[in-house]
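What follows is a short report on a single structure.
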Amino acid sequence: MPATTQLLLVACASQAALTVGFAPQRLLAQRGPLPVGVSSVAPRDIVGIEPAPYTDAVSAANPLHVVVAGAGVGGLALANAFVGQPHVKVTVLEKTSKFKRFGGPIQLASNAMQVLRTMDPAMFGSIEAKATFTGNLKNGIKDGIRDEWYAMFDLKTPAEERGMPYTCVVERPDLQEILLNRLPEGVVQNAAGVASYAQDADGPVTVTLEDGFKVTADVLIGADGIWSSVRSTMHANPLRGDESGATYSGYTVYAGELNYAAPDNGEVGYKVYIGPGQYFVITDIGKGRYQWYAFLAKPVGSALADEALKPTEACADGTAAGNPAYLKTVFNGWSPDIMAILLATRNDEVEQRDLYDRPPALRKPWTDGKVALLGDAIHAMMPNLGQGGCQAIEDAMVLAEELGGLEKRSGAPAALQRYKDRRLVRSAAVQGLSRFASDIIIRGFDTPAKVVDGQFQNFNYAGIVTRVLQPILPVFFTVQFAFLYTGWKNELGVKDTANGAALLGLGSLVLVAFAAVAADAGLLLAFGLESAASVVEAVGGSGAAEFFQSVLPSVDGML
Ligand SMILES: Cc1cc2nc3c(=O)[nH]c(=O)nc-3n(C[C@H](O)[C@H](O)[C@H](O)COP(=O)(O)OP(=O)(O)OC[C@H]3O[C@@H](n4cnc5c(N)ncnc54)[C@H](O)[C@@H]3O)c2cc1C
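Here it is, written out as structure tokens:
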């Protein structure tokens with residue numbers, strides 16, 4: 189894979205996959221010309237609706253059967269979006285055998301909260317009741333060494349101006365419980381890992397499960413995360429390994445979650461500490477609990493290979509436990525806030541994971557006839573903007589809008605294409621932004637140059653650029669949040685176009701400034717071109733996007 193593609197384009201390790209609830213259920217009967225739900229290997233019992241003869245017309249008596257692979261954030265949001273739509277029947281096939289309360293908090297930004305409110309105000313109310321709002325607090329970037337505010341990002345004003353809910357944080361298990369509880373019993377089927385699919389032009393999709401069982405569906409949605417089997421079938425790539433299209437991003441993350449008496453509790457929501465070659469995030473997750481992230485540029489697997497990073501305890505889910513003692517060394521000399529929270533953290537409260545990249549699918553298919561991909565399965569992104577799950581929720585809303593109104597089964601491929609057209613560029617732009625944030629913060633930023641008591645501090649190129657960009661970044665953030673919040677409907681309107689163009693202009697400026705700083709200047713430049721291609725395509729200039737795409741190989745060649 190070209191270096192540019194590896195570096196720029198987005199992705200991340202799939203966040204701890206959300207596992208879903210209920211005792212294993214029997215598969216529901218499906219509709220189609222084949223005897224529905226027929227197994228060619230080991231038949232399972234079928235309960236639920238009686239098979240109906242295949243007809244093109246969709247009706248309440250003969251609804252469109254949508255099968256969703258994966259009950260993570262995206263799959264469950266999609267199933268919920270179909271609740272109350274009599275012409276759609278949904279079944280969610282989840283690989284894991286039972287629900288576990290597992291996984292840390294997830295930030296739901298205003299755009300995702302607005303989508304959830306639009307889907308169902310009652311469901312939104314339940315989420316709101318469990319949420320800790322951070323979007324109305326002080327949030328921003330701090331100089332990690334001097335412990336001074338460097339740039340603020342205002343999440344409150346753009347939300348209020350648009351009448352949107354504030355950004356919040358919710359425990360993942362709480363979110364999945366709310367999403368699961370709204371679904372009729374039997375919709376989610378556990379222990380039903382999808383292995384592959386096949387389809388005829390005029391017939392249903394046949395989904396093969398890992399145990400060989402076959403299920404038929406009118407539409408299959410792959411919401412099965414970064415290591416998606418549905419994507420693997422669609423793109424004819426292996427599930428994992430070099431040929432799978434997923435590569436290590438170059439970054440590893442340590443995450444801690446603990447009870448912590450923060451000195452700025454109730455005042456500050458989210459703090460990003462910048463400095464040379466690494467960064468640290470502290471965020472309030474409510475009820476006296478805090479989460480921190482330490483992002484380090486490290487070779488893949490170093491958390492296990494490096495003696496100093498050896499896990500002291502293993503987690504039940506197979507994730508290696510981190511070692512705060514090591515992190516205390518790495519962040520020695522940084523803000524007392526960082527030291528204090530690291531000292532308060534026990535080893536068993538830390539998880540570590542390597543972050544993987546998957547290129548955005550500007551050129552790879554999102555759909556294949558009656559099959560489409562959603563969430564991390566198609567646009568896994570770096571976690572820096574906290575948008576991976578939010579974008580999966582936006583996918584769900586758009587898919588439900590496009591499929592919900594179908595009157596004929598034969599209209600499904602075109603509906604899925606419309607879904608892709610509405611989501612491709614926005615999600616690729618957010619992927620690009622997330623990757624941009626990782627690369628710039630870790631490789632670009634340094635301690636800002638400053639004169640202290642007549643002494644010049646950090647007057648190297650990186651320090652000066654970090655200082656010069658200080659007044660520009662709040663403008664950049666304003667544009668970024670305008671882009672993220674205004675576009676939640678995915679209508680690609682005039683405002684979205686204007687915000688996308690502004691983002692492209694300002695992003696290019698920041699990029700050019702930092703390209704000279706980073707050791708991998710060419711990679712950053714290439715990254716910028718690829719992101720630019722996404723945004724340009726977002727604003728409708730497909731010719732310009734072609735241009736950006738065509739120069740990428742030359743940039744690769746220069747590296
Ligand atoms: C450290 C970190 C922090 C993050 N923080 C945030 C944040 O604050 N906000 C945010 O919005 N995003 C965040 N993300 C990203 C977010 O977690 C993902 O983008 C999101 O979970 C994607 O949802 P999904 O439904 O597409 O996939 P997943 O949540 O990965 O769900 C996939 C589901 O499919 C199941 N599955 C897998 N294979 C199969 C199969 N073959 N058949 C059937 N089922 C299968 C899995 O068990 C799982 O339940 C973060 C990511 C990381 C790594």
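No gaps in the numbering here: position 537 of the sequence shown is 725 in this note's numbering, and each next residue is one more. Don't be surprised by glycine CBs; every beta carbon is placed ideally from N, CA and C.
| Item | Value |
| --- | --- |
| What do you reckon, is the C-beta of K283 under 7 Å from a heavy atom of ligand 1? | yes |
| Please determine, among D536, A617, I329, the residue with the shortest C-alpha to C-alpha distance to M570. | A617 |
| Would T435 be called buried (16 or more neighbouring beta carbons within 10 Å of its own) or exposed? | buried |
| When the Cα of D335 is compared with those of V376, F519, A650, which residue comes out closest? | F519 |
| Kindly indicate which three-state DSSP category R477 falls into: helix, strand or coil? | strand |
| In the structure shown, what three-state DSSP assignment does H253 receive? | strand |
| Leaving out the 5 sequence neighbours to the left and right, which residues in its chain are closer than 6 Å to G444 when beta-carbon positions are compared? | W480, T533, E537, V538 |
| Curious, which full-length beta strand (DSSP E) runs of at least 3 residues does the segment 508 to 571 contain? | 538 to 545, 559 to 561 |
| Spatial neighbours of G433 within its chain, please: C-beta separation below 6 Å, excluding the five flanking residues on both sides. | N425, R546 |
| Using the C-alpha atoms, what's the distance from V395 back to P512? | 44 Å |
| Taking 8 Å as the threshold (C-beta atoms), are L408 and A257 in contact? | yes |
| With respect to 7 Å, is the separation between the Cβ of C356 and the closest non-hydrogen atom of ligand 1 below this value? | no |
| Classify Y242 as helix, strand or coil using the three-state DSSP reduction. | coil |
| In whole angstroms, what separates the C-alpha of E316 from that of L591? | 28 Å |
| Determine whether the beta carbon atoms of S417 and V382 lie at a separation below 8 Å. | yes |
| Work out the CA separation of L367 and G260 for me, nearest whole Å. | 10 Å |
| Would you tell me roughly how many angstroms separate the C-alpha atoms of T440 and Y544, rounded to the nearest one? | 9 Å |
| Just to confirm, is the Cβ distance from G474 to N447 under 8 Å? | no |
| In three-state DSSP terms, what is D308? | coil |
| Are the CB atoms of A411 and L562 within a distance shorter than 8 Å? | yes |
| Please state if the CB of A584 and the CB of L154 are separated by a distance shorter than 8 Å. | Residue numbering for the chain in the displayed model covers 189 to 747; residue 154 lies beyond these limits and cannot be assessed. |
| Looking at C-alpha atoms only, which residue of V254, P293, K277 is the closest neighbour of G577? | P293 |
| Applying the 10 Å Cβ sphere with the 16-neighbour rule, what's the burial state of S247? | exposed |
| Pull up the CB-CB distance for K330 and K516, whole angstroms please, since I reckon it's below 8 Å. | Actually they are not in contact, since the Cβ atoms of K330 and K516 sit about 19 Å apart, beyond 8 Å. |
| Less than 6 Å between C-beta atoms, sequence neighbours within five positions excluded: which residues of the same chain meet that for K277? | P251, H253 |
| Out of P346, I462, A245, which has the shortest C-alpha to C-alpha gap to T635? | I462 |
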